[in-house]
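*Asks:*
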Amino acid sequence: MAAEYAHPEVLVSTDWVEQHRGDPNVRIVESDEDLLLYDQGHIAGAVRIDWVKDLQDQIVRDYINKSAFEELCASKGISNDTTVVFYGDKSNWWACYAFWTFKMYGHADCRVMNGGRKRWELDGRELTRGTEPAYPRGNYTAQEPDPGVRAFRDEVLKHCKANRPLVDVRSVGEYTGEMLHMADYPQEGALRGGHIPGAVSIPWSKAANEDGTFKTKRELEKLYAKENGLSRRGRIIAYCRIGERSSHTWFVLKYLLGYKNVKNYDGSWTEWGNLVGVPVEKGMPEAKPAEEPASAAT
Amino acid sequence: MTSAEPVQLDELVTEFADLEPRERLELLLEYCDNLPKLPPELEAEKAAGMHRVHECQTPVFLWVDLVDGLVRIQADVAPEAPTVKGFVGILVSALSGKPPQAVLAVPTDLLNRLGLVEALGMMRTRGLGAIVHRIREETRRAVAA
Chain A
-3 MAAEYAHPEV
7 LVSTDWVEQH
17 RGDPNVRIVE
27 SDEDLLLYDQ
37 GHIAGAVRID
47 WVKDLQDQIV
57 RDYINKSAFE
67 ELCASKGISN
77 DTTVVFYGDK
87 SNWWACYAFW
97 TFKMYGHADC
107 RVMNGGRKRW
117 ELDGRELTRG
127 TEPAYPRGNY
137 TAQEPDPGVR
147 AFRDEVLKHC
157 KANRPLVDVR
167 SVGEYTGEML
177 HMADYPQEGA
187 LRGGHIPGAV
197 SIPWSKAANE
207 DGTFKTKREL
217 EKLYAKENGL
227 SRRGRIIAYC
237 RIGERSSHTW
247 FVLKYLLGYK
257 NVKNYDGSWT
267 EWGNLVGVPV
277 EKGMPEAKPA
287 EEPASAAT
Chain B
143 MTSAEPVQLD
153 ELVTEFADLE
163 PRERLELLLE
173 YCDNLPKLPP
183 ELEAEKAAGM
193 HRVHECQTPV
203 FLWVDLVDGL
213 VRIQADVAPE
223 APTVKGFVGI
233 LVSALSGKPP
243 QAVLAVPTDL
253 LNRLGLVEAL
263 GMMRTRGLGA
273 IVHRIREETR
283 RAVAA
């Protein structure tokens, strides 16, 4: 199945992970929303990378810097040539977020375990309790953050004014501005509801199956290209609320469908909905006349 | 820790406060493991979606009533959210079996006092306050009934 994707090598099965658990060139990384999941049970040999404590700067709203990233990798036994396989809860939201962060610092071989924790558990595979394994220190030199994967607010504003494609991956209620956050999720402090003008609404969950795995290439192409007219060659920016769900969509567009130029706007709605003076649109856009873009052929 | 022994809330706060952030998480996981299973007679109500705390991101179900004048809290939390389950475990240990006044006096910033905001990070803990509010609200209602 995976073979049909644009970059099939970035997606590995639970079987593959089971077989490569002891491989010294492979480091399996668990990244969850819920911090205690790892303690409760993780894939034997996997290390933990936490989006809050490990990847984010604790003072400035930003990621850790290059040298902190190098230290993080070295301490987890990750070297520049290590194959890093991410998995986690919530259909791999945070696994994709960690993958994206690793790509920002130029890590070459990043992969995602299709289906994440959920698929692993559904397979009835073993989870082990206990402390995080310690590996010999890795040898790591990171690159400067790649501006090709991350969009900042000024760029998003220009992008929006130029009518370039934006994808809002939040729930429809968040997109229309009826709610300021995901249903059942805590409010994260946006003062205005709605979406960035021109953004299409494609909730991230449409790309995932019930078991957390990704939909097939054909299904994904239908969703993004055919139904929403997103061209593979277009410069696309995806956003959500804090950048985690949009990492999932960023991964789908870039690696499963082979879109050339996709960025994740991690400032997302918690930034945009609080920015003074930026345009906000509410409600659903008027239905456009059915028209299939030439580039959307499957 | 045995779930049969009543825990005093202020003792609990002191216990948590004395720990390192990492140890706080270990203790939280113990409370998660020790949350009593939902009695089978409540399963049907849970399946019907009743008693769900809708403000909370993960499925959390709470039953709060009075038995012989004391508050009884029964709960069920999805296993894929051990952080939430651990916090509910703390609340059940510390508040179930206590007089309503004690429950109504629970500080709304309990998470902070336990040092869990520090241990978990702010972004993870915002939804948990809703559970404390719900327990207080339902206790108030039970007393008034």
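Chains as they are written, first to last, in the numbering used here: chain A, -3 to 294; chain B, 143 to 287.
All residues carry an ideal CB built from backbone N, CA and C; glycine is no exception.
#1: Could you work out which residues of chain A lie near T225(B), taking near to mean beta carbons separated by less than 7 Å?
#2: Just checking, does the stretch 258 to 268 of chain B make contact with the stretch 184 to 198 of chain B on the three C-beta pairs under 8 Å criterion?
#3: Taking a contact to mean a Cβ-Cβ separation below 9 Å, would you say I233(A) touches Y251(A) in this structure?
#4: Given R275(A), which residues of its chain have a CB within under 6 Å of its CB, disregarding the five upstream and five downstream residues?
#5: Going by DSSP, name the residue or residues bridged to Y235(A).
#6: For the stretch 61 to 85 of chain A, enumerate the residues whose C-beta is nearer than 8 Å to any C-beta of chain B, in chain order.
#7: Which whole runs of the alpha helix (DSSP H) in the stretch 104 to 129 of chain A are 4 residues long or more, in chain order?
#8: From the DSSP output, in three-state form, read off A221(A) for me.
#9: Where does A91(A) land, buried or exposed, given buried means 16+ other C-beta within 10 angstroms?
#10: Report yes or no: is there a C-beta of chain B within less than 9 Å of the C-beta of D35(A)?
#11: For the alpha helix (DSSP H) containing E222(B), name the first residue and the last one.
#12: Please list the residues of the stretch 228 to 256 of chain B that have a C-beta atom closer than 7 Å to any C-beta atom in chain A, keeping them in chain order.
#13: Do A217(B) and F203(B) have their beta-carbon atoms positioned less than 9 Å apart in this structure?
#14: Residues of chain A with a CB under 8 Å from the CB of L170(B): which are they?
#15: Cβ of T88(A) within 9 Å of Cβ of G102(A)?
#16: Which runs of the beta strand (DSSP E) spanning at least 3 residues fall entirely within the stretch 154 to 219 of chain B, listed in chain order?
#17: Check the DSSP bridge columns for R23(A) and list the partner residues they point to.
#18: So what does DSSP say about V149(B), is it helix, strand or coil?
#19: Drop a sphere of 10 angstroms on the beta-carbon of K86(A), count the other beta-carbons inside from all chains shown, and report buried for 16 or more, exposed for fewer.
#20: Are at least three pairs of beta-carbons, each pair with one atom in the stretch 57 to 77 of chain A and one in the stretch 110 to 125 of chain A, less than 8 Å apart?
#21: Tell me R146(A)'s beta-bridge partners as DSSP assigns them.
#22: Whose C-alpha, out of N159(A), Y255(A), K154(A) and V25(A), is nearest the C-alpha of Y131(A)?
#23: Within the continuous alpha helix (DSSP H) that includes F210(A), where are the two ends?
#24: Just to confirm the assignment, what range does the alpha helix (DSSP H) spanning K99(A) have?
#25: Tell me the DSSP secondary structure of L7(A) in three-state form.
#26: Since Y299(A) and L249(A) are thought to touch, with beta carbons under 8 Å apart, how far apart are those beta carbons, to the nearest angstrom?
#27: Does E174(A) come out as helix, strand or coil in the three-state DSSP assignment?
#28: Quick test of your reading: G73(A) and G134(A), contact by CB under 8 Å. State the CB separation rounded to the nearest angstrom.
#29: Determine the direct distance from the alpha carbon of V285(B) to that of L51(A), and round the result to whole angstroms.
#30: In angstroms with no decimal places, state the Cα-to-Cα distance between E287(A) and Q15(A).
#31: So within the stretch 50 to 78 of chain A, which uninterrupted alpha helix (DSSP H) runs reach at least 4 residues, ignoring any that extend past its ends?
#32: For V274(B), decide whether its Cβ has a neighbour in chain A, counting only Cβ atoms nearer than 9 Å.
#33: Going by the DSSP bridge assignment, what does S197(A) pair with across the sheet?
#34: Quick one: Cα of A159(B) to Cα of K256(A), how far?
#35: Who are the neighbours of L262(B) on chain A, taking C-beta pairs under 7 Å?
#36: Along the chain, where does the alpha helix (DSSP H) that runs through W246(A) open and close?
*Replies:* Put simply:
#1: D30, L31 and L32
#2: no
#3: no
#4: According to the sequence displayed, residue 275(A) carries Pro and not Arg. Excluding sequence neighbours, P275(A) sits near P193.
#5: D164(A) and Y261(A)
#6: D85
#7: 112 to 118
#8: helix
#9: Answer is buried; the Cβ neighbour count reaches 16.
#10: yes
#11: Note, E222(B): premise wrong, no alpha helix (DSSP H); not H, not E.
#12: G228
#13: yes
#14: L32
#15: Going by the sequence as given, residue 88(A) is Asn instead of Thr. Against a cut-off of 9 Å, the Cβ pair of G102(A) and N88(A) comes out as no contact.
#16: 202 to 209 and 212 to 219
#17: V80(A)
#18: coil
#19: buried
#20: The way I'd put it, the stretch 57 to 77 of chain A doesn't touch the stretch 110 to 125 of chain A; fewer than three beta-carbon pairs between them come closer than 8 Å.
#21: Under DSSP, R146(A) shares a beta bridge with N260(A).
#22: V25(A)
#23: No alpha helix (DSSP H) contains F210(A), which DSSP labels as neither H nor E.
#24: Its alpha helix (DSSP H) spans residues W89 to M100.
#25: Strand.
#26: Nothing about residue 299(A) can be reported from this structure: the residues present for chain A run from -3 to 294 only.
#27: coil
#28: 5 Å
#29: So the two alpha carbons sit approximately 47 Å from each other.
#30: Interpretation of E287(A) is limited by its pLDDT of 47, a score under 50 that renders its predicted location unreliable; the figure taken from the coordinates is listed afterwards. Each residue's Cα considered, the two are about 47 Å apart.
#31: 62 to 71
#32: no
#33: In the DSSP output, where bridge partners are listed per residue, S197(A) has D164(A).
#34: 50 Å
#35: Going along chain A in sequence order, the residues near L262(B) (Cβ under 7 Å) are L31.
#36: R241 to F247
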